[in-house]
């Protein structure tokens with residue numbers, strides 16, 4: 002995921018970056034390690050990640066986001 006996120010969300014001057022990931026599983030299947038990886042990707046790319054699970058969604062914002 003890191004390589005894809007870096008390539009698709011790269012670029013200076015873009016104020017709002019977002020990625021939507023459809024995950025074919027339930028939210029409880031996401032591990033703490035998996036969430037940490039998504040958070041690192043959000044921080045690295047300065048983008049929000051919406052993880053859409055079969056039973057709902059979770060949005061991960063960059064740690065320093067001021068306008069989620």
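In my numbering, the protein residues as written are 2 to 69. We put the CB at the ideal spot given by N, CA and C, even for glycine. All values reported here derive from a predicted model rather than from experimental measurement.
Quick one: give me the first and last residue of the beta strand (DSSP E) that residue i is part of.
i: residue 55; result: Neither: residue 55 is in no beta strand (DSSP E) and is coded neither H nor E.
i: residue 30; result: Unbroken run through residue 30: none, as it is neither H nor E.
In the DSSP assignment, the alpha helix (DSSP H) including residue i goes from what residue to what residue?
i: residue 43; result: 33-46
Where does residue i fall in DSSP's three states?
i: residue 60; result: strand
i: residue 21; result: strand
Once the 5 residues before and after residue i are set aside, which same chain residues still bring their CB inside 8 Å of it?
i: residue 60; result: 49, 50, 51, 52, 69
Of the choices the options, whose alpha-carbon is the least far from that of residue i?
i: residue 21; options: 39, 30, 64; result: 39
i: residue 42; options: 30, 63, 16; result: 63
Just to confirm my understanding: we take residue i, look at its own chain, exclude 5 residues before and 5 after, and list those with CB closer than 6 Å. What are they?
i: residue 24; result: 52, 54
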